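Here's the structure, in structure tokens; my notes come after.
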Ligand SMILES: *[C@@H]1O[C@H](CO)[C@@H](O)[C@H](O)[C@H]1NC(C)=O
Ligand SMILES: *[C@@H]1O[C@H](CO)[C@@H](O)[C@H](O)[C@H]1NC(C)=O
């Protein structure tokens, strides 16, 4: 482990605390046909360094060329549990911010934007991410320049963090990753490559699944992450207050003028998804506070002082390394 100067550590803590203070979001649980699979099971929690204690970073990814666009920070790291599903199963992802509870704020109400789900064989290859669900701007705001009703805030946040989609009919058995994504467009009138303080905020998060059964349908060619999104995509560089014009502001006239980033939804995906009845949450509803996090490829490990503040003890450089062949996750202590 490589040690950095105190100045670097202090900066890392400051940045990290800012990220934690904001209402950022990741997946806490997965329901299969309404049955909870257990908090954090199967989920490649961003910057997951556990267990235990579980470390996480819930800051957005804004660099479209970063490998973190694939499955977020440390998304190449397998988690021990893989969730078994069958074609046609109804999946409900449970997104939260601080706690896996109804009281949790899920995501800050400013973070209007689209929500998307992709499926890829695990591990991903070139052009292997296939879009199977999306929702963007679905209703204009009541007054000119108001942001309108968006998937992240008016749908998923309003619905206590629940995102619904369905495993494609007759999908061939095998190991896949779900890449689900929330996008905050509140600063997307600027491009990150031109102003790194602003730009669209991406919250991708991957879930390990094994599709069982005797399905025969293979996923078609899809897109790559990174690569699928560009800084000048109309769905990435967009002013939610409105519109298709960037300067000067022009009121939005039609909700369909917003174009969700990425390819169209695959024709093999379900045209409609509904919310199924959900059973109880199993497992913890709070996360152990992070003892390690990663920012700009620097992993910082910390202990906590009497006042509960993180005191960094070590840092190291992290480089994502995605395997090209599937290997079963190694067993580790029960979550
Ligand atoms: C998924 O939900 C749909 C629509 O409510 C329902 O018809 C279907 O039976 C459900 N699938 C499973 C496997 O429960
Ligand atoms: C999360 O839940 C715990 C336990 O109920 C509570 O103490 C804490 O204040 C909650 N955190 C936030 C940020 O709401």
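Residue numbers (mature numbering (1 follows the signal peptide of the UniProt record, and there is no 0)): -23 to -1, 1 to 312. Quick reminder that beta carbons are idealized off the backbone N, C-alpha and C, glycines included. Nothing here was measured: the structure is a model prediction, and the numbers come from that model.
Short check: CB of residue i to CB of residue j, under 8 Å?
i	j	result
residue 317	residue 110	In the structure as shown, the chain starts at -23 and stops at 312, and residue 317 therefore has no counterpart that could be examined.
residue 279	residue 289	yes
residue 185	residue 154	yes
residue 348	residue 89	A question about residue 348 goes unanswered here, because the residues of the chain that appear run from -23 up to 312.
residue 97	residue 306	no
residue 117	residue 232	yes
residue 112	residue 132	yes
residue 12	residue 192	no
residue 99	residue 152	yes
residue 143	residue 66	yes
Within 10 angstroms of its Cβ, does residue i collect 16 or more other Cβ (buried), or is it exposed?
i	result
residue 301	exposed
residue 313	Given a span of -23 to 312 for the chain in the structure shown, any question on residue 313 remains unanswerable.
residue 314	Since the first and last residues shown for the chain are -23 and 312, residue 314 lies out of range.
residue 299	exposed
residue 130	buried
residue 172	exposed
residue 164	buried
residue 281	exposed
residue 284	exposed
residue 294	exposed
residue 206	buried
residue 42	exposed
residue 157	buried
residue 264	buried
residue 134	buried
residue -15	Confidence at residue -15 is low in this model, with a pLDDT of 34, below 50, so its placement is unreliable and no value can be given for it.
residue 303	exposed
residue 14	buried
residue 194	exposed
Mind checking who residue i pairs with in its DSSP beta bridge?
i	result
residue 112	92
residue 148	194
residue 183	21 and 156
residue 140	70
Since residue i contacts residue j with CB under 8 Å, what's their CB separation in whole angstroms?
i	j	result
residue 179	residue 160	6 Å
residue 140	residue 78	Rounded, the Cβ-Cβ distance is 17 Å, inconsistent with contact.
residue 203	residue 47	7 Å
residue 145	residue 64	6 Å
residue 188	residue 150	5 Å
residue 18	residue 253	Incorrect: roughly 19 Å between the Cβ atoms, too far for contact.
residue 127	residue 101	So it is not a contact: roughly 27 Å between Cβ atoms.
Residues proximal to ligand 1 by C-beta, any heavy atom closer than 6 Å: This criterion selects 10, 65, 66, 67, 251 and 253.
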